[in-house]
Amino acid sequence: MTRAVPKAEIHCHVEGAASPDLVRRQAEKYGVDVSSFLDEAGYVWSDFTSFLAAYDGAAALFRTEEDYALLAETYLSDIAAQGTIYAEIFVSPDHAERSGIGTEGYLAGLGTGLERARRASGIECRMIVVGIRHFGPQAVEAAARFAASRPHALITGFGMAGEERFGRVADYARAFDIAREAGLGITIHAGELAGPESVRDALDHVRPSRLGHGARAIEDPALVERIAREGVALELCPGSNVALKVFDGWEKHPFEAMRKAGVKVTLNSDDPPHFGSSIGHEYEMAARTWGYDAAMLTGFTRTAIQAAFVDEATREKLL
Ligand code: ADE
Ligand code: ZN
Numbered sequence: 154m155t156r157a158v159p160k161a162e163i164h165c166h167v168e169g170a171a172s173p174d175l176v177r178r179q180a181e182k183y184g185v186d187v188s189s190f191l192d193e194a195g196y197v198w199s200d201f202t203s204f205l206a207a208y209d210g211a212a213a214l215f216r217t218e219e220d221y222a223l224l225a226e227t228y229l230s231d232i233a234a235q236g237t238i239y240a241e242i243f244v245s246p247d248h249a250e251r252s253g254i255g256t257e258g259y260l261a262g263l264g265t266g267l268e269r270a271r272r273a274s275g276i277e278c279r280m281i282v283v284g285i286r287h288f289g290p291q292a293v294e295a296a297a298r299f300a301a302s303r304p305h306a307l308i309t310g311f312g313m314a315g316e317e318r319f320g321r322v323a324d325y326a327r328a329f330d331i332a333r334e335a336g337l338g339i340t341i342h343a344g345e346l347a348g349p350e351s352v353r354d355a356l357d358h359v360r361p362s363r364l365g366h367g368a369r370a371i372e373d374p375a376l377v378e379r380i381a382r383e384g385v386a387l388e389l390c391p392g393s394n395v396a397l398k399v400f401d402g403w404e405k406h407p408f409e410a411m412r413k414a415g416v417k418v419t420l421n422s423d424d425p426p427h428f429g430s431s432i433g434h435e436y437e438m439a440a441r442t443w444g445y446d447a448a449m450l451t452g453f454t455r456t457a458i459q460a461a462f463v464d465e466a467t468r469e470k471l472l
């Protein structure tokens, strides 16, 4: 029923979007044993820490420009076939360095993948550089400096992912100042693994226009009110939250409660094959769980495009 709904995805980690099939092919190509994080049924993990290990294991199998072009093109073509017209992918200079390709080859390869997908399906895509919180404030600041000092037409935002319970947000504020001064859109993962305090810290110290998740703000009604009042958009990822046991099932997820409270809500898949999801599945499950019709779902897509880190001319075309 949701196949024909135009979709937008503004919260997806590119390395986390690698399908098990693609990862198996990469593992064969490089002769790597992936049995510690991948079996016949898919990715294997049991909590956030082992999820991150599976994520890093898959990421390490992309090592050349063509590997990254293929990764981005495969993901974007797949979501375009699900009705997606716009996507933003999180890209990580730290993972580029770890895989040995370095940041230039990484961006060149991803850029090629974005262009191939756009030519084939018309899907528009932009990149958000992320720092990884559990690598520490210096690493996140280096990621921000990289994003700020290397103008690239398709890099339009800066964010922070990783272990939200690591460190204090205030220690990362400088990284966000650097990115903001460079004109990049700002988002930060908060309210996924930690509660309202973490979200409040993120709002106070980082002043983002969007929050990655933000779901656990629901534990504090005054905070939900603040998010609504300040017009901060939530990149909600219900399937991810349910898989990681942040909430005990779709019906317990606060997506609808946030919407009713006047918060700008969007639907996203985060790391789709890790969580048995896809952007199409998120829209379908939202329709089934909360009874949304096509017009409501299209409204979430419009919210995402309004909150997107994209030039005004492209935004107008997409709306
Ligand atoms: N990196 C990839 N997926 C993530 C998630 N769900 N939370 C934080 N960091 C991530
Ligand atoms: Zn995420």
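Each residue of the sequence shown is one higher than the last, beginning at 154 in my numbering.
Beta carbons: idealized from backbone N, C-alpha and C, even for Gly.
Computed from a prediction, not measured in an experiment: that's the story for all the values here.
Proximity below 9 Å, CB of A323 to CB of F311: Residue 323 sits at position 170 when you count from the first residue of the sequence shown. Residue 311 sits at position 158 when you count from the first residue of the sequence shown. No, these two residues do not count as a Cβ contact at 9 Å.
Status (buried if at least 16 other CB within 10 Å, exposed otherwise) for Y472: Indexing the sequence shown from 1 puts residue 472 at position 319. The sequence as given places Leu at residue 472; Tyr does not occur at that position. Classification of L472: exposed, given that the 10 Å Cβ count is below 16.
Any 3 or more C-beta pairs closer than 8 Å across the stretch 194-209 and the stretch 254-272: no
Stretch pair the stretch 424-433 + the stretch 386-406: three plus CB contacts closer than 8 Å: yes
Segment contact flag, the stretch 177-196 with the stretch 373-382, C-beta cutoff 8 Å, min 3 pairs: no
Integer-rounded CB distance, given that L263 should sit under 8 Å from V167: Stepping through the sequence shown from its first residue, residue 167 is reached at position 14. Stepping through the sequence shown from its first residue, residue 263 is reached at position 110. Yes, they are in contact, since the Cβ atoms of V167 and L263 sit about 7 Å apart, within 8 Å.
K405 burial status per 10 Å Cβ neighbour count (16 or more: buried): By one-based count along the sequence shown, residue 405 stands at place 252. Exposed, because fewer than 16 other Cβ atoms sit within 10 Å of the Cβ of K405.
Exposure of P374, with buried meaning 16 or more beta-carbon neighbours within 10 Å: One-based indexing of the sequence shown puts residue 374 at position 221. Exposed is the call here.
Option in A261, V176, A171, R318 with minimal Cα separation from T217: As a working mapping, residue 217 is identified with position 64 in the sequence shown. Comparing Cα-Cα distances from T217 to each of A261, V176, A171, R318, the minimum goes to A261.
Residue-level contact to chain C via CB, Y228, 9 Å cutoff: Checking the listed chains, one finds no chain C in this structure; it contains a single protein chain.
Proximity test, D423 beta-carbon vs the ligand ADE heavy atom, cut-off 8 Å: Here residue 423 corresponds to residue number 270 of the sequence shown, with the count starting at 1. At least one heavy atom of the ligand ADE is nearer than 8 Å to the Cβ of D423, so yes.
Cβ-heavy atom distance, E317 to the ligand ADE, below 8 Å: Residue numbering aside, residue 317 sits at position 164 when the sequence shown is read from its first letter. For the ligand ADE, at least one heavy atom lies less than 8 Å from the Cβ of E317.
T340, buried or exposed, once every other Cβ within 10 Å from all chains shown has been counted against 16: Numbered from its first residue, the sequence shown carries residue 340 at position 187. Under this definition T340 is a buried residue.
N- and C-terminal bounds of the alpha helix (DSSP H) containing G262: As a working mapping, residue 262 is identified with position 109 in the sequence shown. Counting along the chain, the alpha helix (DSSP H) containing G262 begins and ends at 256-274.
Spatial neighbours of A161 in its chain, beta-carbon cut-off 6 Å, leaving aside the 5 residues before and after: What you label residue 161 is simply residue 8 of the sequence shown in a count that begins at 1. Contacts found: Y239, T454, A457, I458.
The ligand ADE heavy atom lying under 8 Å from the CB of A194: Numbered from its first residue, the sequence shown carries residue 194 at position 41. Checking every heavy atom of the ligand ADE against the Cβ of A194, none is found closer than 8 Å.
Coil, strand or helix - D174 by DSSP: Here residue 174 is taken as the residue at index 21 of the sequence shown, counted from 1. Reduced to three states, the DSSP call for D174 is helix.
Beta-carbon contacts of P125 that lie in its chain and below 7 Å, excluding the five residues immediately before and after: The structure shown has nothing for residue 125, since the chain only spans 154 to 472.
Residue environment, G336, which counts as buried when at least 16 other CB atoms sit within 10 Å: On the sequence shown, residue 336 is found 183 positions in, with the first residue counted as 1. Counting Cβ neighbours within 10 Å, G336 comes out exposed, since fewer than 16 surround it.
DSSP-derived helix/strand/coil call for T467: Sequence index remark: in the sequence shown, residue 467 carries index 314 (1-based). DSSP places T467 in helix when its eight states are reduced to three.
Buried or exposed (CB count within 10 angstroms, at least 16 for buried), M474: Only positions 154 to 472 of the chain appear in the structure, and residue 474 is not among them; the question remains open.
Closer than 8 Å: A314 CB and nearest the ligand ADE heavy atom: On the sequence shown, position 161 is the one that residue 314 refers to. Checking the Cβ of A314 against the ligand ADE gives yes.
Span of the beta strand (DSSP E), counted from its first residue to its last, around E162: The residue you call residue 162 lines up with position 9 of the sequence shown. It spans 160-166 - the beta strand (DSSP E) in which E162 sits, taken as one unbroken run.
Span separating the alpha-carbon of T227 from that of I308: Position 74 of the sequence shown, counting from 1, holds the residue named residue 227. Position 155 of the sequence shown, counting from 1, holds the residue named residue 308. Rounded to the nearest angstrom, the two C-alpha atoms are 20 Å apart.
Beta-bridge pairing of L420 - partner residues as DSSP gives them: Within the sequence shown, the letter at position 267 stands for residue 420. L420 is bridged to L389.
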